[in-house]
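Inspection log for the structure reproduced underneath, given as structure tokens.
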Amino acid sequence: MEVLLRGGPGDGQVIDGGGESVVWGACLYERTSNIGRSRGRDRRVYQHRPDCCQPYGHGSEDRCE
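Letter by letter, the sequence shown follows residues 398 to 462 of my numbering.
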């Protein structure tokens, strides 16, 4: 299943994924109840977790795994 990323460095990216969370570019994205439109299709939206993103100096905390 392809999902749509919102926020952070992956904003607007469409990637293969599913479940409660996905990882893109060392950043965690969590599933939302929102549906977004991209490339002419409706896709589940995954929201960026800025507290779990290595480029922002975070991600080594236990709660991010």
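Cβ coordinates follow ideal geometry from the N, Cα and C atoms, glycine included. Everything numeric in this text was worked out from a predicted model, so none of it was measured.
Using C-beta distances below 8 Å, list every residue in its chain close to residue i, excluding the 5 sequence neighbours before and after it, in chain order.
i	result
Gly456	The predicted model places Gly456 with a pLDDT of 48, which falls under 50 and marks its position as unreliable, so this point remains unresolved.
Ile412	Glu399, Val400, Leu402, Val419 and Trp421
Glu427	Glu417, Ser418, Tyr443, Gln444 and Arg446
Give me, in chain order, the residues of the same chain whose beta-carbon lies closer than 7 Å to that of residue i; leave out the 5 immediate sequence neighbours on both sides.
i	result
Arg434	none
Gly404	Gln444 and His445
Just to confirm, is the Cβ distance from residue i to residue j under 9 Å?
i	j	result
Asn431	Arg446	no
Quick check on residue i: does DSSP put it in helix, strand or coil?
i	result
Gln451	helix
Leu425	strand
Gly407	helix
Arg446	strand
Ser436	A small fix is needed here, since residue 436 is Arg in this sequence, not Ser. Reduced to three states, the DSSP call for Arg436 is coil.
Glu399	strand
By alpha-carbon positions, which one of the options ends up nearest to residue i?
i	options	result
Arg388	Arg403, Gln410, Gly404 and Pro406	Because the chain is modelled from 398 through 462, residue 388 falls outside the range shown and cannot be assessed.
CB-CB under 6 Å to residue i, same chain, minus the five flanking residues each way: which ones, in chain order?
i	result
Asp439	Ile432
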